[in-house]
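Take a look at the structure below.
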Amino acid sequence: MHTSDDLLSLTQVTIRYGRVEAVTDASFSVRPGEVVALLGANGAGKTSLLKSISGLVPVAAGDIRLRGSSILKKRPEIVLRSGIAHSPEGRRVVASLTVEENLELTGRASRRRATRADLLSGFEECYELFPRLFERRQQGSGLLSGGEQQMLAIARAIMARPEVMLLDEPSMGLAPIMTQSIYAVLSKRTGTLGEAAIILAEQGASLALTLADTACLLKRGEVVYHGPASELTAEQTVAAYMGTAEERQAGSPASP
Ligand SMILES: Nc1ncnc2c1ncn2[C@@H]1O[C@H](COP(=O)(O)OP(=O)(O)OP(=O)(O)O)[C@@H](O)[C@H]1O
Ligand SMILES: [Mg+2]
């Protein structure tokens, strides 16, 4: 159910790939400026849910509303223009373009008419958060390190000045020190990062929970917890990732 406090709401969302049901009846909502940690083991459905919000995978049943209006069946570029920016799993920067061209691409795609001033103030915000991107701004993005590509993927989402940012596993495949530096930036919560609501999908629960107001825990495509991040217990997380004690005894773990 969408209530008037909600910026974004998912109501009983089901996602299928052929006969595989990846997400079943998932409901949760996001208020303006809130950080939601979307947690779950490998294959729990985090990426599928983020893709359904940004229009990259179809929803088999249920509804997704932004400011009360359904965004189901909207094309990804329309969802971006309506205020939802997606930093995808695996970064997906355009390797053949420079850092700044990647930023410009999203800056333009997210507005009907992007002025030079819009783009320049976007670049400035991104470079202030990620000085490394300023140093590399004329370099081909394919030559960046994994951590730098992740910075670029987040910066691209910032260029859209969105109301909702979808960040899919920003820590994936990165050395701990690089993950720390990216999380240090995310935790600043100034400018766009302060104003936008963020849905932060991570397998690593403890990391995402350091930033989150709210947690949404998935187990095999079902939401098993949605509530204050501070009230999510280690027991609930372990049960979602590894199965309950009874399930483990019965030899059917939720995931390896
Ligand atoms: N394109 C696809 N075709 C078929 N099945 C898919 C496809 N994408 C995902 N799945 C399946 O849907 C389920 C959920 O996958 P999803 O990628 O959403 O999980 P995830 O929580 O993001 O996992 P991870 O932490 O590994 O990124 C899995 O069982 C996965 O195998
Ligand atoms: Mg994923």
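Counting along the sequence shown from 1, when you hit position 159 you're at 1324 in the working numbering, and nothing is skipped either side. Yeah, the Cβ is synthetic: ideal placement off N, Cα and C, and Gly gets one too.
Bridge partners - residue i, DSSP secondary structure assignment
i, result
"A1380", "A1202 and G1392"
"E1293", "Answer is none; E1293 lacks a bridge partner."
"R1181", "E1186"
"L1175", "F1193 and I1229"
"M1330", "A1250 and I1363"
"E1387", "K1384"
"G1305", "T1263"
Beta-carbon contacts of residue i that lie in its chain and below 8 Å, excluding the five residues immediately before and after
i, result
"D1283", "G1272 and R1276"
"E1305", "The identity of residue 1305 in the sequence shown is Gly, whereas the question assumes Glu. Cβ neighbours of G1305 beyond the five flanking positions: A1260, S1261, L1262 and T1263."
"Y1390", "A1380, C1381, L1382, L1397, Q1401 and A1405"
"L1372", "S1336, T1344 and Y1348"
Bounding residues of the alpha helix (DSSP H) (the contiguous stretch that carries residue i)
i, result
"G1272", "V1264 to A1274"
"S1217", "K1211 to I1218"
"I1236", "No alpha helix (DSSP H) contains I1236, which DSSP labels as neither H nor E."
"S1422", "Residue 1422 is absent from the structure shown; the chain starts at 1166 and stops at 1421."
"G1311", "G1311 to M1324"
"T1402", "A1399 to M1407"
"T1375", "Neither: T1375 is in no alpha helix (DSSP H) and is coded neither H nor E."
"T1344", "P1341 to L1351"
"Q1414", "A1410 to Q1414"
Residues of its chain near residue i, where Cβ-Cβ distance is below 7 Å and the 5 sequence neighbours each way are ignored
i, result
"G1356", "E1290"
"A1225", "T1179, I1180 and R1181"
"G1338", "G1311"
"A1274", "E1242 and L1245"
"A1415", "none"
"E1269", "L1284"
"L1413", "Checking the sequence, you will find Arg at residue 1413 rather than Leu. Hits under 7 Å: M1407."
"K1384", "G1205, A1209, A1405 and A1419"
Proximity winner among the options, relative to residue i (alpha-carbon distances)
i, options, result
"F1288", "G1312, M1316 and L1309", "M1316"
"L1365", "R1278, I1319 and G1338", "I1319"
"V1388", "D1170, P1197, A1206 and V1200", "A1206"
"E1328", "Q1303, E1266, I1249 and T1176", "I1249"
"D1171", "M1343, R1232 and A1209", "R1232"
"V1188", "L1237, G1208, S1346 and S1169", "G1208"
"K1353", "L1298, G1198 and G1307", "G1198"
"L1376", "E1293, A1202 and R1184", "A1202"
"S1395", "G1183, R1385 and D1378", "D1378"
"I1363", "L1270, L1298, L1215 and E1300", "L1215"
"E1293", "L1358, P1223 and S1336", "L1358"
"P1393", "V1200, Q1314 and G1183", "V1200"
"K1238", "S1252, V1258, S1217 and H1251", "S1217"
"M1330", "R1196, A1361 and S1169", "A1361"
"E1367", "V1222, S1252 and G1183", "S1252"
"A1279", "F1299, L1351, N1267 and A1325", "A1325"
Same chain, Cβ closer than 6 Å to residue i, five either side skipped, listed in chain order
i, result
"E1254", "T1212, D1333 and E1334"
"A1370", "L1204 and T1402"
"G1220", "K1239, R1240, P1241 and V1244"
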